[in-house]
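**Q** Here numbering that gives the first Met the number 0 is used: the first residue of the sequence shown is 0, the next is one more, and so on.
Got a structure for you, questions after.
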Amino acid sequence: MKNNSNIRSIFLAAFFGITTMVMQAQELPKVFGKTIHAESINSETGKIRCVTTEYEEYLQENSPERATNDEFEQWIAQKITARKTKSAATGQNTTEIITIPVVVHVVHNGDFLGTNENIADAQVLSQITVLNQDYRRMLGTPGYNTNPVGADVQIEFCLAQVDPDGQPTTGIDRVNMNLASWSESQIENLLKPSTIWDPTRYFNIWVCNFGSDLSDVLGYAQFPSQSGLNGLNNYEGSASTDGVIIGYKYFGSQSIYPQGDYQAPYNRGRTTTHEIGHALGLLHIWGNNWSNDSCSYSDYCDDTPASNGPNSGCSQHYSCTSYDMIENYMDYTYDSCMNIFTQDQKERILAVLDNSPRRASLKTSTVCSALAGSEDFKLLKGINLYPNPATSVLNIAVADNDLPDSYMVYNSLGQTMVSVTVTSASSLTIDTSSYSNGIYFIKIEKGNESKVLKFIKK
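Below, the structure written as structure tokens:
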């Protein structure tokens, strides 16, 4: 009888164990139509550090022209090799400091400045400080490390001083969208396309209150596009959504601006450091392998030890053949223990900044200089679109009959609708009758200047 009782107990334990696992699998959240892997949900906080992998899968499924992961890796490997070959030939292994102009869109629903998601300017500034400490490996800051493979990526971030209309700005764009929280669909179809600044001149960061399917997510990024895929132009990919988006409680650093609104242990600005790493071409250190039983996946950086999955907390973890690099910004550990990009990660980032659409152009953007930025926008400052929204016709209005040289209309997927060389005023009327309803962009060029405007077709 005792043996039967033991067998029955073992059976019941196994049954309920299996049932629990099935229920857990059924209850795992979905984001962008993808089931979140259990390993990516922090067991202590319940938070999901990043959904960039799921977002990239979604973009590839919905944008046939977008490079696959394998295509991107083949492309970037060639670019990295070319960079190294050039450095070896010239004897120059360093690069100039690259300045990336940033606009931070603070999205709120009417809260007072400094309240809830309408975070204070000082909280935004604290995040820019963290980015510069981390990407420059600054001595005496939390971004410094003594690891021999640690890299000064030689990138600095600045808040834009000139807006898309050539007017002065703080680089902090406060937008009252009258929504208390945001789902993935609302973000991708409404928020980003309606607020984005020209992604060839500005690196766009959105800060908002996540809700619905994103309620436990810290942030996500849009991975860079490769140049020249299938002969497409430099707007290949989803230009209207390009950038990173962060939950407001995970943006900025409590150690720099204690009065802000944060949620520990993600309160030192490393979510944005991590997501910008993705936007500049970096993978998670485990190579996006979610099986936790394989060391065969790679982040294509030889100086980050192989890892069999994400880590949380700050405890050392041994996997594959060595201890994981838990201090790497591209792991899932807590903010306080992150402090390193490696030399190979730096090479990937610089290859992207040299070659990727809407990344390479950021290097030459002048919007961080008020004087230079104003001059850049001088010739195109008086241009407007009407009617907007448009139904069957869209007109381009220019100041003093100063015609642009050309313009191109493209949709939110980056697909070109029309490309026109302007020969007379009659060229400034666009037939939109065949366009599907939605958001479109028009890139207008004159000389060496360009300006991107949005319009809606309904």
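Even glycine gets a Cβ: it sits at the ideal position worked out from N, Cα and C.
1. I'd like to check one pair, His-104 with Asn-203: are the Cβ atoms closer than 8 Å?
2. Report buried or exposed for Asn-175, applying the criterion of at least 16 other Cβ atoms within 10 angstroms of its Cβ.
3. By DSSP, does Lys-445 sit in helix, in strand, or in coil?
4. In chain order, what residues of the same chain have a beta carbon less than 7 Å from the beta carbon of Thr-67, not counting five sequence neighbours either side?
5. Mind checking whether Ser-226 and Ser-355 have CB atoms under 8 Å apart?
6. Could you give the DSSP three-state label for Pro-264: helix, strand or coil?
7. Could you check where the beta strand (DSSP E) with Thr-390 kicks off and where it finishes?
8. Run through DSSP, which three-state label would Ala-396 get?
9. Tell me whether Ala-476 is buried or exposed, calling it buried when 16 or more other Cβ atoms sit within 10 Å of its Cβ.
10. For Lys-445, is the classification buried or exposed, using 16 other Cβ atoms within 10 angstroms of its Cβ as the cut-off for buried?
11. Starting from Phe-31, trace the beta strand (DSSP E) both ways and give me its first and last residue.
12. Quick one: grab the DSSP three-state call for Glu-183.
13. For a quick check, are the C-beta atoms of Gln-258 and Thr-240 less than 8 Å apart?
14. Buried or exposed for Thr-34, please, with buried defined as at least 16 other CB atoms from any protein chain shown within 10 angstroms of its CB.
15. Would you please state the rounded distance, in angstroms, between the beta carbons of Thr-303 and Ile-284? I believe it to be under 8 Å.
16. Between Glu-56 and His-316, what straight-line distance do the alpha-carbon atoms span, to the nearest angstrom?
17. Identify the residues that DSSP records as bridge partners of Ser-62: which are they?
18. With H, G and I counted as helix, E and B as strand and the rest as coil, what does DSSP make of Phe-152?
19. What would DSSP say about Cys-157, mapped onto helix, strand or coil?
20. Thinking Gln-160 and Ser-368 are a contact (beta carbons under 8 Å), I'd like their distance in whole angstroms, please.
21. Distance check for Ser-425 and Ala-150, CA to CA, integer angstroms please.
22. Would you kindly work out how many angstroms separate the C-alpha atoms of Ala-371 and Lys-29, rounded to a whole number?
23. Taking the Cβ atom as the reference point for each residue, do Thr-415 and Lys-456 lie within a distance shorter than 8 Å?
**A** So, from the data block:
1. Against a cut-off of 8 Å, the Cβ pair of His-104 and Asn-203 comes out as a contact.
2. Answer is exposed; the Cβ neighbour count stays below 16.
3. Strand, per DSSP.
4. The answer, listed in chain order, is Gln-59.
5. It is a contact, given that the beta carbons lie within the stated cut-off.
6. The answer is coil: DSSP assigns Pro-264 none of H, G, I, E or B.
7. Run containing Thr-390: none; DSSP gives neither H nor E here.
8. Note: Ala-396 maps to strand in three-state DSSP.
9. No answer is possible for residue 476: the residues shown for the chain start at 0 and end at 457.
10. Per the 10 Å Cβ criterion, buried.
11. In the DSSP annotation of this structure, Phe-31 is not part of any beta strand (DSSP E), being labelled neither H nor E.
12. DSSP places Glu-183 in helix when its eight states are reduced to three.
13. Taking a C-beta distance under 8 Å as the contact criterion, Gln-258 and Thr-240 do not qualify as a contact pair.
14. The residue is exposed, with fewer than 16 neighbouring Cβ atoms inside 10 Å.
15. Yes, they are in contact, since the Cβ atoms of Thr-303 and Ile-284 sit about 5 Å apart, within 8 Å.
16. If you draw a straight line from the Cα of Glu-56 to the Cα of His-316, it is about 28 Å long.
17. Paired residue(s): none; Ser-62 is not in a bridge.
18. According to the sequence shown, residue 152 is Val rather than Phe. In the three-state DSSP reduction, Val-152 falls in the coil class, being neither helix nor strand.
19. Strand.
20. Indeed, because the Cβ distance is near 7 Å, the residues count as touching under 8 Å.
21. Straight-line Cα distance between these residues: approximately 54 Å.
22. Unreliable placement is indicated for Ala-371, whose pLDDT of 46 sits below 50; no coordinate value is reported for it.
23. At a Cβ-Cβ threshold of 8 Å, Thr-415 and Lys-456 do not count as neighbours.
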